[in-house]
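Visitor: Those sequence lines, one after another, are chains A and B.
Quick note: the first sequence uses this note's numbering, first residue 1, plus one each step.
Quick note: the second sequence uses this note's numbering, first residue 1001, plus one each step.
Number of protein chains: 2
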Amino acid sequence: MLRVDVIDQRIISRLVADARSSYAEIGKAVSLSAPAVKRRVDRLLETGVLRGFTAVVNPEALGWGTEAFVEVHCQGNVSPDRIRQRLEPLPEVVAAYTVSGAADAIVHLRAANIHHLEDALERLRAVDMVSRTVSTVVLSTLLERPPAPEPGQ
Amino acid sequence: MLRVDVIDQRIISRLVADARSSYAEIGKAVSLSAPAVKRRVDRLLETGVLRGFTAVVNPEALGWGTEAFVEVHCQGNVSPDRIRQRLEPLPEVVAAYTVSGAADAIVHLRAANIHHLEDALERLRAVDMVSRTVSTVVLSTLLERPPAPEPGQ
DNA sequence: TATGAAATTAGCCGGTA
DNA sequence: TACCGGCTAATTTCATA
C-alpha cells in the first residue's frame, strides 16, 4: 500500500524540482506514457507519499524578513496535540516539533521584522502551558532544500 | 521591481495551496483571465517573489523518519558562505541558518533512522571548522506550513 | 479576445504475475 | 483475477498573436 519503486522516486524527483512540469515531459524522462505517469502520481497522492504541490515563495519578498527558532519549555506534562492546538492559531509559527532534551518543543517563527518577532514571541509566551522560552534569531539562511528522494542509507 | 499587490497575494495563496492548479482556475478565483494570471506569475518568478514550484513529500513514506536540529559551534571567524560550502555536500542537511547567540549555525538534519542520523552527525562533526555540536532529536512534527501571504504586521 | 497547439483525463484493451 | 501500461478520443488548458 505504500510501495514506492525506482520509477516513483524519479517521478517524485521531477515533481520536487518542478511541480508544474507536464506528465508528458515527466513521462519522457522515465520512459512512460503521460497517462501512466498520472496514474502513478494519483496513487502517490492517495497513499500519502505525496502530500501535494506548492509554490516556493521568497519570504523576504513578501515582507517576512525575520525568523527565529524558539525552544519552548512547558510546565507539567503536556500532550503534543495540545501544544499543536495552542500554536496553530499563531500565524507566525511556520513549524513546530516536539523534541528530546531539555526543551519540550522547538518552534520556527517567521515575522516581518524584529518588532513583529518580539510581538509574536510575547504571544507565544502568553500561551498558558509555556513556562520559558529560549530564542535564537536567524541571521542568514545558508541552505534550504527538500530531502533527497531516496535516503542515503 | 518587487511590487506585490493584493491580487498577487491571492494568486500566491492559490499556488501555495496547489501549485498544479491551472491559470484559468486561479483566474476565476481572482476575477482575471488566464493570460493575465500567467503574466503575473511570470513576473513573480522573474522578480524572485516566487522561487518555483515543488512537490510536498511525506518524509516518512520515503524512509526519512528521523530528524534533528543541531547547533553548530565553529572555531574562529568563519564566513557564512564557507559554512554553506561545507554543509552543501551532506545530503542529510535539509536546512541551515547562521544565528545569533552562542551557536554559529543551526542545521536541520533528516535521516532514515537513528543510526543514519548518528552517521550524518559524525560527518557533520568531521567538517574542519566545526568545534562542537549540540543535537536535539525531533520526536514529532506538530506543525509545518508555508508563511502566510501577507505578514500580520 | 480568439485560435492553433499541447496537455489532461477517462475509457478500453492487452500482457503478466 | 488484479495490476500495470499503452493507446485513443473528447475536453480543457496553454501560449501565441
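In this text, a Cβ means the ideal position worked out from N, Cα and C, and glycines have one as well.
Please name the residue in B:Val1138, B:Arg1145, B:Glu1150, B:Pro1147 whose C-alpha comes closest to that of Glu71 of chain A.
Guide: Considering only alpha carbons, the answer is B:Val1138.
Visitor: Quick one: does Val99 of chain A have its CB under 8 Å from some CB of chain B?
Guide: Cβ-Cβ to chain B under 8 Å: yes for Val99 of chain A.
Visitor: So, with DSSP's three-state summary, where would you put Glu1092 of chain B?
Guide: Reduced to three states, the DSSP call for Glu1092 of chain B is coil.
Visitor: To the nearest angstrom, report how far apart Leu1090 of chain B and Ser1033 of chain B are at their CA atoms.
Guide: Looking at the two C-alpha atoms, the distance is approximately 44 Å.
Visitor: Can you tell me the Cβ-Cβ gap for His73 of chain A and Ser135 of chain A, rounded? I've got them flagged as a contact below 8 Å.
Guide: Actually they are not in contact, since the Cβ atoms of His73 of chain A and Ser135 of chain A sit about 12 Å apart, beyond 8 Å.
Visitor: In the stretch 1024-1038 of chain B, which residues sit with their C-beta less than 9 Å from some C-beta in chain A, listed in chain order?
Guide: So nothing in the stretch comes that close.
Visitor: Between which two residues does the alpha helix (DSSP H) carrying Leu1087 of chain B extend?
Guide: First-last of the alpha helix (DSSP H) with Leu1087 of chain B: 1080-1087.
Visitor: Inspect the beta-carbon positions of Arg20 of chain A and Arg1020 of chain B and report whether they are closer than 8 Å.
Guide: Their beta carbons are under 8 Å apart, which means Arg20 of chain A touches Arg1020 of chain B by this criterion.
Visitor: Run through DSSP, which three-state label would Gly27 of chain A get?
Guide: Here Gly27 of chain A sits in helix by DSSP.
Visitor: Count Cβ pairs between the stretch 1081-1090 of chain B and the stretch 78-92 of chain A that sit closer than 8 Å; are there 3 or more?
Guide: Flag = no, the stretch 1081-1090 of chain B and the stretch 78-92 of chain A do not touch.
Visitor: Which chain B residues sit within Cβ distance under 9 Å of Asn77 of chain A?
Guide: Within chain B, no residue comes near Asn77 of chain A; the closest Cβ sits about 14 Å away, beyond 9 Å.
Visitor: Is it right to say Arg3 of chain A is buried, meaning 16 or more other beta carbons lie within 10 angstroms of its own, or is it exposed?
Guide: When all chains shown are included, Arg3 of chain A counts as exposed.
Visitor: Apart from the five residues just before and just after Glu1092 of chain B, which ones in its own chain have a Cβ nearer than 7 Å to its Cβ?
Guide: Here the set comprises Leu1109, Arg1110, Ala1111, Ala1120.
Visitor: Going by DSSP, which residues form a beta bridge with Ile1106 of chain B?
Guide: Ile1106 of chain B is bridged to B:Glu1071, B:Tyr1097.
Visitor: According to the neighbour-count rule (16 or more other Cβ atoms, all chains shown, within 10 Å of its Cβ), is Val6 of chain A buried or exposed?
Guide: So Val6 of chain A counts as exposed.
Visitor: When the Cα atoms are used, what is the spatial distance from Asp1018 of chain B to Asn1113 of chain B?
Guide: Rounded to the nearest angstrom, the two C-alpha atoms are 30 Å apart.
Visitor: Could you check whether the Cβ of Arg1020 of chain B sits closer than 8 Å to any Cβ belonging to chain A?
Guide: Yes, contact with chain A.
Visitor: Closer than 9 Å, Cβ to Cβ, to anything on chain B: give me those residues from the stretch 105-124 of chain A, in chain order.
Guide: Per Cβ criterion, the list reads Ala105, Ile106, Val107, His108, Arg110, Ala111, Ala112, Asn113, His115, His116, Asp119, Ala120.
Visitor: Would you please state the rounded distance, in angstroms, between the beta carbons of Ala1055 of chain B and Leu142 of chain A? I believe it to be under 8 Å.
Guide: With 8 Å as the limit, Ala1055 of chain B and Leu142 of chain A do not qualify as a contact, their Cβ atoms being about 23 Å apart.
Visitor: Taking Gln1009 of chain B as the reference, which of A:Pro35, A:Ala24, A:Pro59 has the closest Cα?
Guide: Selected option, being the one with the closest Cα: A:Pro59.
Visitor: Classify Arg1145 of chain B as buried or exposed, calling it buried when 16 or more other Cβ atoms lie within 10 Å of its own Cβ.
Guide: So Arg1145 of chain B counts as exposed.
Visitor: Please list the partners that Ser1131 of chain B has in chain A, where partner means a Cβ-to-Cβ separation under 8 Å.
Guide: Those do not exist, as Ser1131 of chain B stays about 17 Å from chain A at its closest Cβ, beyond 8 Å.
Visitor: Along chain A, which residues have their Cβ under 9 Å away from the Cβ of Pro1091 of chain B?
Guide: Under the 9 Å cutoff, chain A gives Pro147, Ala148, Pro151, Gly152.
Visitor: Can you give me the start and stop residues for the alpha helix (DSSP H) that Val127 of chain A sits inside?
Guide: From DSSP, Val127 of chain A is part of no alpha helix (DSSP H); its letter is neither H nor E.
Visitor: What residues match up with Glu144 of chain A in a beta bridge as DSSP calls it?
Guide: B:Ala1095, per the DSSP bridge assignment.
Visitor: Any idea what DSSP makes of Leu1121 of chain B, helix, strand or coil?
Guide: DSSP places Leu1121 of chain B in helix when its eight states are reduced to three.
Visitor: Looking at the ligand ADP, does it come within less than 7 Å of Ala126 of chain A, judged from the CB to the closest heavy atom?
Guide: Judged by which ligands are present, the structure shown has none, so any question about the ligand ADP falls away.
Visitor: So the beta strand (DSSP E) Val4 of chain A belongs to, where does it begin and stop?
Guide: Element bounds for Val4 of chain A: n/a, residue is neither H nor E.
Visitor: Say whether chain A places a C-beta atom closer than 8 Å to the C-beta of Glu1088 of chain B.
Guide: Answer yes: the Cβ-Cβ gap between Glu1088 of chain B and chain A drops below 8 Å somewhere.
Visitor: For Arg51 of chain A and chain B, any beta-carbon pair shorter than 8 Å?
Guide: At least one chain B Cβ lies under 8 Å of Arg51 of chain A.
Visitor: What's the C-alpha gap between Pro147 of chain A and Phe1053 of chain B?
Guide: Distance between the alpha carbons of Pro147 of chain A and Phe1053 of chain B is about 15 Å.
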